[in-house]
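Residue 345 in the UniProt record's numbering sits at position 345 of the sequence shown, with consecutive numbering throughout.
We put the CB at the ideal spot given by N, CA and C, even for glycine.
Keep in mind the model is a prediction, meaning the values are calculated, not measured.
Scroll down for the structure; my scribbles are underneath it.
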Amino acid sequence: RMAAAPPSYCFVAFPPCSKDGLVVFGKNSARPRDEVQEVVYFAAEAHDPGSKVECTYIEIEQVPKTHAVVLSRPSWLWGAEMGANEHGVCVANEAIVTREPASESEALLGMDLVRLGLERGATAKEALDVIVALLEEHGQGGNYYEDGSSCHTFQSAFLIVDRNEAWILETSGKYWAAEKITEGVKCICNQLSLTTKIDAEHPELRNYVKSQGWWNEDSDFNFSEVFSLADDHIACCSGRESLEKQGGGVSAQAMIDVLRDKDSGVCVDSESFLTTASIVSVLPQDPSFPCIHYFTGTPDPSRSIFKPFIFVDDVKLVPKVQSPSFGNDDPAKKIPRFQEKPDRRHELYKAHEWARSHLENDQDKGQKLMKIMLDLEKQGLEAMEDILSRTEILDPAEVVDLFYDCVDTELKFFK
């Protein structure tokens with residue numbers, strides 16, 4: 001039996017389920033417990049004709065222009081678990097297991113495709129087209145974990161969202177199907193969820209599954225049934241009910257509450273896996289308002305705070321949530337890979353670790369600290385709500401240091 005995929009959860013809520021014409025997106029990234037995630041920003045860039053881009057394992061053709069992106073990523077790899085671009089596109093991926101074993105040969109990781117979709121797609125549909133074209137050309141494969149002792153491979157699912165619509169894209173090898181969403185609440189987790197409502201697919205998908213003997217046209221084509229490994233295919237989303245219960249009130253805060261919920265299983269804290277980072281994005285359907293992206297940059301959202309980021313020119317970089325760089329000496333870049341594990345902890349991660357050990361030893365102090373942290377988060381959320389309720393256009397100077405200042409304030413509290 002193949003190794004279980006890490007149980008990450010991704011959500012999107014559209015009006016009328018969400019508040020005031022906002023699209024709300026969220027993801028908890030469940031990864032190996034000791035893995036560090038960093039939050040990194042890359043400005044938009046023009047590239048010379050013929051230039052290449054070095055992804056986690058392989059090099060591919062670069063495009064003439066890449067969009068500005070902000071990413072939450074395991075710091076040993078090139079791609080990302082989740083992120084957003086300057087055009088209000090958000091992408092998150094899920095590792096999934098299908099009846100086809102994922103390839104161990106090094107190709108693009110699902111996480112590389114997250115970043116490539118964001119860098120090259122100005123809408124959710126464009127990002128989807130980018131991802132499936134690259135899948136066709138380069139395939140997916142290679143180790144999902146920084147582990148020199150065994151290769152963990154998975155197929156990929158993606159939640160791709162912009163101000164108007166979302167796409168759920170599920171893949172097995174280079175084959176794929178996708179569903180378009182424009183209303184209600186959707187959740188994807190570490191298993192297939194598409195059934196018979198398919199709005200776009202690989203042109204050879206049905207011929208391929210017929211040739212494999214997995215479907216014979218007797219019944220409606222059901223993607224999950226055809227590609228799932230077992231017949232115990234269940235609806236995975238425990239967090240979805242709590243979002244639907246909000247009536248029309250799904251806001252950034254409601255999404256954060258769902259991501260923090262350990263009882264529902266959405267906030268993973270198990271022997272092998274931990275929610276190592278989280279994101280919540282608020283995308284106003286009215287394009288005159290800015291999109292707001294909240295990142296934790298630290299493990300366990302129930303003990304972390306969500307800090308806002310807004311795309312503006314010359315946004316201030318935040319080295320304190322960036323892991324050290326090891327350049328070409330990085331064991332992830334040398335063959336054979338992962339022969340050792342360098343210390344990838346960034347400053348905020350270390351401060352968190354320190355605080356966490358104190359919180360566990362002194363409950364009273366822990367609760368006080370957590371209360372201060374949540375007040376800090378609340379101020380940030382209220383300031384962002386204020387930005388989204390103004391009539392005048394946002395002055396970029398007001399938010400150029402936004403994420404930087406929030407991380408800085410958080411560090412000061414730990415000190």
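Glu100 and Phe227 have their C-alpha atoms roughly 8 Å apart.
Counting only runs of 3+ residues, the beta strand (DSSP E) found wholly inside the segment 152 to 198 occupies 155 to 161, 166 to 172, 175 to 181 and 185 to 188, in chain order.
For Arg344, no beta strand (DSSP E) run applies, since DSSP gives it neither H nor E.
Here Ser29 carries a strand assignment [DSSP, helix/strand/coil]. Here Val400 is not near Val321, since their CB atoms are 8 Å or more apart. In the DSSP assignment, Gly239 falls within the unbroken alpha helix (DSSP H) covering Ser238 to Glu244.
DSSP, reduced to helix, strand and coil, places Gln253 within a helical segment of the structure shown. Inter-segment contact for the segment 121 to 133 and the segment 161 to 174 is present: three or more beta-carbon pairs are separated by less than 8 Å. When Glu136, Ser75, Thr195 and Leu118 are compared, the shortest CA-CA separation from Ile160 is found for Leu118. Cα atoms of Val280 and Lys378: separation of roughly 14 Å, rounded to the nearest angstrom. Note on Ser389: under 16 other CB atoms within 10 angstroms of its CB, so exposed under the neighbour-count rule. Per DSSP, the continuous beta strand (DSSP E) segment holding Thr276 begins and ends at Phe273 to Pro284.
By the Cβ-count criterion, Ala13 is buried, with 16 or more other Cβ atoms from all chains shown falling within 10 Å of its own Cβ. Taking Leu205 as the centre and dropping the five residues before and after it, the same chain places the C-beta of Tyr175 closer than 6 Å to its C-beta, in chain order. In this structure, the CA atom of Lys186 is about 17 Å from the CA atom of Lys125. The beta carbons of Ala46 and Lys65 sit closer together than 8 Å. Within the segment 306 to 360, the runs of beta strand (DSSP E) at least 3 residues long that lie entirely inside it are, in chain order, 307 to 309.
Beta-bridge annotation (DSSP): Lys210 is not paired with any residue.
Annotated three-state conformation of Glu38 is strand, per DSSP. Inter-residue distance for Pro7 and Ile188 is about 10 Å (C-alpha atoms, whole angstroms).
For Phe227, the enclosing alpha helix (DSSP H) stretches over residues Phe223 to Phe227.
For the pair Lys365 and His358, the CB atoms are nearer than the 8 Å cut-off.
The criterion of a C-beta distance shorter than 8 Å is satisfied by Ser264 and Ser242. According to DSSP, residue pairing for Gly83 in a beta bridge involves Leu71 and Val91.
When beta bridges are read from the DSSP output, Glu45 appears opposite Thr66. A Cβ-Cβ contact shorter than 8 Å links Leu283 with Arg163.
For the options Pro319, Arg115, Gln246 and Lys333, the alpha carbon positioned closest to that of Pro16 is the one of Gln246. Per DSSP, Ile292 lies in no alpha helix (DSSP H) segment; the continuous beta strand (DSSP E) that holds it begins and ends at Ile292 to Phe295. Check the Cα spacing between Asn85 and each of Glu347, Glu61, Asp313 and Asp343: the tightest is with Asp313. For Lys52, the pairing in a beta bridge is given by DSSP as Glu61. Taking every protein chain shown into account, the CB of Phe309 has 16 or more other CB atoms within 10 angstroms, so this residue is buried. Contact between the segment 104 to 116 and the segment 67 to 78 is established, with three or more Cβ pairs separated by less than 8 Å. Proximity of the segment 344 to 354 to the segment 33 to 40 meets the contact definition, three or more beta-carbon pairs being nearer than 8 Å. In the displayed model, Phe289 falls within coil according to three-state DSSP, outside both helix and strand.
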